[in-house]
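Visitor: The sequence shown begins at 24 in my numbering and counts up by one.
All C-beta atoms, glycine included, are put in the ideal place defined by N, C-alpha and C.
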Amino acid sequence: MLKSKRLSIHKKIRKNIYGTNSRPRLSVFKSGQHIYAQIIDDSKSKTLVSASDIKIKEGTKKEKASKTGESLAIKATKKNIKQVVFDRGGFKYHGRISALAEGARKGGLEF
């Protein structure tokens with residue numbers, strides 16, 4: 024997918040998705056090698072929790088994405104965050120993006 028197309032899709036998504044203090048936004052970005060996720064409070068413009076698969080060395084990209092989602096959920100529950108709004112960042116909801124979401128759900132986050 025072209026970067027410009029993904030960014031235009033992301034703009035359309037962000038018009039409707041807004042993270043608050045009670046229900047922050049889980050934002051996802053994937054590159055060719057890695058996947059990154061962060062939980063953001065848009066009302067304060069602050070990143071509350073973040074995680075990536077850079078330090079995870081074993082497994083396929085999908086398995087790494089799932090582990091990243093689980094570790095993000097664990098960090099979020101330590102900061103008393105239970106519910107989030109999922110922002111797929113203009114990427115299709117399949118493959119690594121869905122694996123990260125399922126891992127976050129498995130870790131205890133509610134979308």
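Can you tell me where the beta strand (DSSP E) with L71 in it begins and where it stops?
Guide: It spans 69-75 - the beta strand (DSSP E) in which L71 sits, taken as one unbroken run.
Visitor: Looking at the strands, I want to know which residues DSSP matches up with V63.
Guide: The question names Val, but residue 63 is Ile in the sequence shown. Looking at the DSSP assignment, I63 forms a beta bridge with R48, T70.
Visitor: Whole alpha helix (DSSP H) runs in the stretch 86-134 with 4 or more residues, listed along the chain?
Guide: Those alpha helix (DSSP H) runs which fall completely within the stretch 86-134 and span 4+ residues are 119-130.
Visitor: Whether or not the stretch 77-95 and the stretch 56-69 are in contact is what I'm after, with contact meaning three or more pairs of Cβ atoms, one per stretch, closer than 8 Å; do they touch?
Guide: Yes, the stretch 56-69 touches the stretch 77-95.
Visitor: Excluding five sequence neighbours on each side, which residues of the same chain lie with their C-beta closer than 7 Å to the C-beta of R119?
Guide: Counting only Cβ-Cβ distances below 7 Å, and skipping sequence neighbours, we find K53, I58, K84, K85, A88.
Visitor: I want to check one thing, is the minimum distance from the CB of K115 to the heavy atoms of the ligand GTP below 6 Å?
Guide: Judged by which ligands are present, the structure shown has none, so any question about the ligand GTP falls away.
Visitor: Where G113 and H33 are concerned, what is the direct C-alpha to C-alpha distance, given to the nearest angstrom?
Guide: Rounded to whole angstroms, G113 to H33 spans 4 Å at the Cα level.
Visitor: What are the start and end residues of the alpha helix (DSSP H) that includes K145?
Guide: What is shown of the chain runs 24 to 134, which leaves residue 145 out entirely.
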